[in-house]
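If you read the protein sequences in the order shown, they are chains A and B.
Under the working numbering, think of the first position of the first sequence as 44, with each following residue one higher.
Under the working numbering, think of the first position of the second sequence as 24, with each following residue one higher.
The structure appears below as structure tokens.
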Amino acid sequence: MLQTKIHNLTLKNPVMTASGTFGYGEEFADFIDLNRLGGIIVKGTTGERRQGNPYPRMAETPSGMLNAVGLQNVGVETFCKEVYHRIKDLDTNIIVNVSGSSIEEYCKTAAMIDELDNIPAIELNISCPNVKKGGMGFGTNPDMAAQVVSEVRKIYHKTLIVKLTPNVTSVVEIAKAVEGAGADSVSLINTLLGMAIDVEKQRPYLSTITGGLSGPAVKPVAVRMVWQVAHAVSIPVIGLGGITSAADALEFLMAGAKAVQVGTANFIDPAVTMKIIDGLEDYCKRHRINDINDIIGII
Amino acid sequence: MRKYITDFTIVGKQVYNESYFSLTLQHPDRLPEIAAGQFVEVEVPDNKQVMLRRPISIHDVDIDNNTLTILVQVVGKGTRTLSKLSEGQKLNLVYPLGHGFSLEGTHTLLVGGGAGIAPLLHLSKCLSAKGIRPTILLGGRTAALIPVQKEFEPYGTIGFATEDGSLGEKGLVTQHSLFSADYDHIYTCGPTPMMKAVARYALEKGIECEVSLENMMACGIGACLCCVVDSDEGHKCVCKEGPVFNAKKLTNWIKQ
Ligand SMILES: Cc1cc2nc3c(=O)[nH]c(=O)nc-3n(C[C@H](O)[C@H](O)[C@H](O)COP(=O)(O)OP(=O)(O)OC[C@H]3O[C@@H](n4cnc5c(N)ncnc54)[C@H](O)[C@@H]3O)c2cc1C
Ligand SMILES: Cc1cc2nc3c(=O)[nH]c(=O)nc-3n(C[C@H](O)[C@H](O)[C@H](O)COP(=O)(O)O)c2cc1C
Ligand code: FES
Numbered sequence: 044m045l046q047t048k049i050h051n052l053t054l055k056n057p058v059m060t061a062s063g064t065f066g067y068g069e070e071f072a073d074f075i076d077l078n079r080l081g082g083i084i085v086k087g088t089t090g091e092r093r094q095g096n097p098y099p100r101m102a103e104t105p106s107g108m109l110n111a112v113g114l115q116n117v118g119v120e121t122f123c124k125e126v127y128h129r130i131k132d133l134d135t136n137i138i139v140n141v142s143g144s145s146i147e148e149y150c151k152t153a154a155m156i157d158e159l160d161n162i163p164a165i166e167l168n169i170s171c172p173n174v175k176k177g178g179m180g181f182g183t184n185p186d187m188a189a190q191v192v193s194e195v196r197k198i199y200h201k202t203l204i205v206k207l208t209p210n211v212t213s214v215v216e217i218a219k220a221v222e223g224a225g226a227d228s229v230s231l232i233n234t235l236l237g238m239a240i241d242v243e244k245q246r247p248y249l250s251t252i253t254g255g256l257s258g259p260a261v262k263p264v265a266v267r268m269v270w271q272v273a274h275a276v277s278i279p280v281i282g283l284g285g286i287t288s289a290a291d292a293l294e295f296l297m298a299g300a301k302a303v304q305v306g307t308a309n310f311i312d313p314a315v316t317m318k319i320i321d322g323l324e325d326y327c328k329r330h331r332i333n334d335i336n337d338i339i340g341i342i
Numbered sequence: 024m025r026k027y028i029t030d031f032t033i034v035g036k037q038v039y040n041e042s043y044f045s046l047t048l049q050h051p052d053r054l055p056e057i058a059a060g061q062f063v064e065v066e067v068p069d070n071k072q073v074m075l076r077r078p079i080s081i082h083d084v085d086i087d088n089n090t091l092t093i094l095v096q097v098v099g100k101g102t103r104t105l106s107k108l109s110e111g112q113k114l115n116l117v118y119p120l121g122h123g124f125s126l127e128g129t130h131t132l133l134v135g136g137g138a139g140i141a142p143l144l145h146l147s148k149c150l151s152a153k154g155i156r157p158t159i160l161l162g163g164r165t166a167a168l169i170p171v172q173k174e175f176e177p178y179g180t181i182g183f184a185t186e187d188g189s190l191g192e193k194g195l196v197t198q199h200s201l202f203s204a205d206y207d208h209i210y211t212c213g214p215t216p217m218m219k220a221v222a223r224y225a226l227e228k229g230i231e232c233e234v235s236l237e238n239m240m241a242c243g244i245g246a247c248l249c250c251v252v253d254s255d256e257g258h259k260c261v262c263k264e265g266p267v268f269n270a271k272k273l274t275n276w277i278k279q
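Quick look at the structure:
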């Protein structure tokens, strides 16, 4: 009833977890049955180990939070040698979020992940700035976005999902560019660039001054962007941004997403994904829907 | 150690003054083992301004009655909402989180300040259960900011330090006559400048020292990497690898 497909991937249900909010899944094993998830997108992984940004890295804002973790991760080699072996036998789609600061770094990481049997897909996070080109974001320029995707496409043979940033004038333009460059799917949205100031201490809450906004506050923006992109491309769209309930997930599905990811809500309720899956089942029963695909993109 | 997400019932509430209160929370059945220094992530009910859970130390555990107690200082919207709850209401916790104190040492000194006093009561009891009688030094700006005092009496020798002299000796905990090199292990929790001063002293004198950090947290379970401390081995999650750290691993942090 809930099964969906993203390119070559079959998902038991459309509910996955968002990168950077679910660790490597292991952190949640005490609270939920990880095998019930449609997929797990693990932490952003880069060519080398990264320390990330200095503390403080988060601030709560109305119905959301800002973060500036800055891609702290163990690096692709440690991921392949250690982390992979701890999680590879989970009965769900384990997808690696690949980040980088240069095309070479993206390609190095993607090529190493390509070798891992039980990782059926990568999610290319093109929101990071390109250090070589003066820090300009790959994901904010259609030509650069297309370039990184086509280079990764040459060396990566499984399902290639590209994650889009909302910090652009036209997300549709970027989506079409990465579709043209060989992406099998797009996921959106990443965090919205934001900022908050502690007026008592007269300084920003984050060490980096600005950071990424996530949580329920961003949901209407995300639903709008998913709807626009779903109407503009023919590859499957994965929707995320502020999902905390089955009703939220349904909004994204109706707007045209074939699957969804849950991020910040995992911090509020570590078992929220199970409630969303149960809620989707319940919705289908109540509305006599035999196949969740029947409501995808009805708007 | 396995973590749980559970609804507790508030079965006791004590208001010490306008800044401090405690809630005693009952579990539906037997509590799992809880180490001194571990904490809970509390869901703040009925306040749309507060989305994320709040990390609060486990102050006391009563295995026979399936209860645990939290001691809370009102500092903002979440803690203010918690202060308005009453007996009979439910509170959802994710617990027990983090790594606690080692319980090592035979001549032990516990140094607490402000809300950092909270984990030291459970620590005193755990040390006592091992046959160790600690010296307990509690500090605050004024007497009212040291809400819990006599509860510690059965478990050790107690000293107080207040900046205005309203309780115990006048001055900072590090100036107190009980604060000396006569110990083999110091445990501390409280304001960052206090913990750094205590840790610096311990390192100088070659005394083992454990500090319990209170970094801002989003998830509390090691998933978001928001709560890191700049340890000598790189960024470490306070929620998962801490909140208790050996001061020897934090020499960078102590210097900052
Ligand atoms: C492991 C751990 C154990 C803790 N144990 C206790 C405890 O036993 N008792 C207790 O009273 N408090 C404890 N704290 C601190 C407590 O989590 C914060 O005071 C609380 O989250 C503040 O929430 P609020 O909504 O009231 O404040 P907010 O409205 O979110 O913020 C108000 C102000 O409080 C300050 N603040 C917020 N969070 C923290 C924090 N984590 N540390 C320091 N200052 C903060 C901020 O500077 C802010 O300006 C602990 C924190 C951690 C990480
Ligand atoms: C703490 C934190 C860390 C994140 N890390 C990453 C990351 O490494 N890679 C990535 O593509 N997105 C990352 N994100 C973005 C989320 O995957 C997601 O796109 C965003 O938070 C919106 O979804 P949400 O509102 O459900 O959280 C992170 C978000 C948060 C809150
Ligand atoms: S609070 Fe999320 S990792 Fe520590």
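Where a beta carbon is used, it is the ideal one built from N, C-alpha and C, also for glycine.
message = By the 9 angstroms beta-carbon criterion, what residues does the segment 153 to 167 of chain B contribute toward chain A?
response = none
request  = Report the residues of the segment 73 to 102 of chain B with a CB closer than 8 angstroms to any CB of chain A, ordered along the chain.
outcome  = V73, M74, L75, R76
request  = Classify E194 of chain A as helix, strand or coil using the three-state DSSP reduction.
outcome  = On the first sequence, residue 194 of chain A is found 151 positions in, with the first residue counted as 1. Helix at E194 of chain A.
request  = Starting from I3 of chain B, find everything on chain A with Cβ-Cβ shorter than 7 angstroms and list it in chain order.
outcome  = Any answer about residue 3 of chain B is impossible in this case: the structure gives chain B only from 24 up to 279.
task = Report the three-state DSSP secondary structure of T316 of chain A (helix, strand or coil).
result = Position 273 of the first sequence, counting from 1, holds the residue named residue 316 of chain A. Correct three-state label for T316 of chain A: helix.
key: Reference H199 of chain B, options B:R25, B:Y210, B:I33, B:E186, closest by Cα   = To locate residue 199 of chain B, count along the second sequence from 1; it is residue 176. Checking every option, the nearest Cα to that of H199 of chain B belongs to B:E186.
task = Determine the direct distance from the alpha carbon of V191 of chain A to that of G223 of chain A, and round the result to whole angstroms.
result = Position 180 of the first sequence, counted from the first residue, corresponds to residue 223 of chain A. Position 148 of the first sequence, counted from the first residue, corresponds to residue 191 of chain A. Approximately 12 angstroms, taken between the alpha carbons.
ask   = Considering only the beta carbon of each residue, do K86 of chain A and G113 of chain A sit closer than 8 angstroms?
value = Position 43 of the first sequence holds residue 86 of chain A. Position 70 of the first sequence holds residue 113 of chain A. For K86 of chain A and G113 of chain A, no; Cβs fall outside 8 angstroms.
query = Residues with a Cβ closer than 5 angstroms to any heavy atom of ligand 1, in chain order?
reply = B:F62, B:R77, B:P78, B:I79, B:S80, B:V95, B:Q96, B:V98, B:G99, B:K100, B:G101, B:T102, B:A138, B:A141, B:E237, B:M239, B:P266
Bridge-paired residues (DSSP) for I79 of chain B = Residue mapping note: residue 79 of chain B aligns to position 56 of the second sequence, counting from 1. In DSSP, I79 of chain B forms a bridge with B:V63.
key: Chain-order list of residues whose beta-carbon lies under 6 angstroms from that of V97 of chain B (same chain, five-residue window excluded)   = Within the second sequence, numbered from 1, the residue matching residue 97 of chain B stands at position 74. Contacts found: S42, R103, S106.
query = Mapping DSSP to helix, strand and coil, what is F122 of chain A?
reply = Numbered from 1 along the first sequence, position 79 holds the residue referred to as residue 122 of chain A. If DSSP states are grouped into helix, strand and coil, F122 of chain A belongs with the helices.
ask   = chain A beta carbons: is any one of them nearer than 8 angstroms to that of D69 of chain B?
value = Translated into positions along the second sequence, residue 69 of chain B becomes position 46. Judged by the 8 angstroms Cβ criterion, D69 of chain B is not in contact with chain A.
Within 8 angstroms, strictly: CB atoms of D73 of chain A and R25 of chain B = Here residue 73 of chain A is taken as the residue at index 30 of the first sequence, counted from 1. Here residue 25 of chain B is taken as the residue at index 2 of the second sequence, counted from 1. Yes, they are a contact pair.
inquiry  = Against E70 of chain A, what residues of chain B qualify as contacts under a CB-to-CB distance less than 7 angstroms, listed in chain order?
reply    = Counting from 1 along the first sequence, the entry for residue 70 of chain A is found at position 27. The answer, in chain order, is I244, G245, A246.
message = Using CA atoms only, rank isn't needed, just tell me which of B:M240, B:C260, B:I230, B:F44 is closest to D205 of chain B.
response = The residue given as residue 205 of chain B occupies position 182 in the second sequence. The shortest Cα separation from D205 of chain B among B:M240, B:C260, B:I230, B:F44 belongs to B:I230.
inquiry  = For a cutoff of 8 angstroms on Cβ pairs, would you count H50 of chain B as touching chain A?
reply    = The count along the second sequence starts at 1 and reaches residue 50 of chain B at position 27. Judged by the 8 angstroms Cβ criterion, H50 of chain B is not in contact with chain A.
task = Using beta-carbon positions only, say whether A188 of chain A and I232 of chain A come within less than 8 angstroms of one another.
result = Taking the first residue of the first sequence as 1, we reach residue 188 of chain A at position 145. Taking the first residue of the first sequence as 1, we reach residue 232 of chain A at position 189. In this structure, I232 of chain A does not lie closer than 8 angstroms to A188 of chain A by Cβ.
ask   = What does G66 of chain A touch in chain B if you count any residue whose Cβ is under 7 angstroms from its own?
value = Indexing the first sequence from 1 puts residue 66 of chain A at position 23. Simply G245, A246.
query = Where does D291 of chain A fall in DSSP's three states?
reply = For the purposes of this step, residue 291 of chain A is identified with residue 248 of the first sequence, where counting begins at 1. Looking at D291 of chain A - three-state DSSP - the assignment turns out to be helix.
query = Helix or strand or just coil, what does DSSP make of Y149 of chain A?
reply = Here the question's residue 149 of chain A lines up with position 106 in the first sequence. The answer is helix: DSSP assigns Y149 of chain A an H, G or I state.
query = What are the partner residues of L120 of chain B, as DSSP defines its beta bridges?
reply = Indexing the second sequence from 1 puts residue 120 of chain B at position 97. DSSP lists B:F62 as partners of L120 of chain B.
Run of the beta strand (DSSP E) containing Q279 of chain B, from where it starts to where it stops = By 1-based counting over the second sequence, the position of residue 279 of chain B is 256. That residue, Q279 of chain B, is in no beta strand (DSSP E); it is neither H nor E in DSSP.
message = Alpha carbons only, please: which of B:K173, B:P170, B:S125 is nearest the one belonging to K153 of chain B?
response = Here residue 153 of chain B refers to the residue found at position 130 when the second sequence is read from its first residue. Answer by Cα proximity: B:S125.
inquiry  = For a test of the three-state rule: what should DSSP assign to F183 of chain B, helix, strand or coil?
reply    = The residue labelled residue 183 of chain B in the question sits at position 160 within the second sequence. Strand.
query = At a cut-off of 7 angstroms, is A308 of chain A close to ligand 2 when judged by its beta-carbon and the heavy atoms of the ligand?
reply = On the first sequence, residue 308 of chain A is found 265 positions in, with the first residue counted as 1. For ligand 2, at least one heavy atom lies less than 7 angstroms from the Cβ of A308 of chain A.
ask   = To the nearest whole angstrom, what separates the beta carbons of E303 of chain A and I281 of chain A, a pair I think is in contact under 8 angstroms?
value = Here residue 303 of chain A refers to the residue found at position 260 when the first sequence is read from its first residue. Here residue 281 of chain A refers to the residue found at position 238 when the first sequence is read from its first residue. Note that residue 303 of chain A corresponds to Val in the displayed sequence, not to Glu. Sure, about 7 angstroms apart at Cβ, within 8 angstroms.
Cutoff 8 angstroms: R100 of chain A Cβ touching any chain B Cβ = As a first step, residue 100 of chain A is located in the first sequence; it is residue number 57 there, counting from the start. Yes - at least one Cβ of chain B is within 8 angstroms of the one on R100 of chain A.
key: Range of the contiguous alpha helix (DSSP H) that encloses Y8 of chain B   = Because chain B is modelled from 24 through 279, residue 8 of chain B falls outside the range shown and cannot be assessed.
message = Against chain A, does M218 of chain B count as a neighbour if the rule is that its beta carbon must be under 8 angstroms from one of theirs?
response = Within the second sequence, the letter at position 195 stands for residue 218 of chain B. No, because no Cβ of chain A sits closer than 8 angstroms to the Cβ of M218 of chain B.
ask   = If you run the structure through DSSP and keep just helix, strand and coil, what is A302 of chain A?
value = Working through the first sequence from its first residue, we reach residue 302 of chain A at position 259. Looking at A302 of chain A - three-state DSSP - the assignment turns out to be strand.
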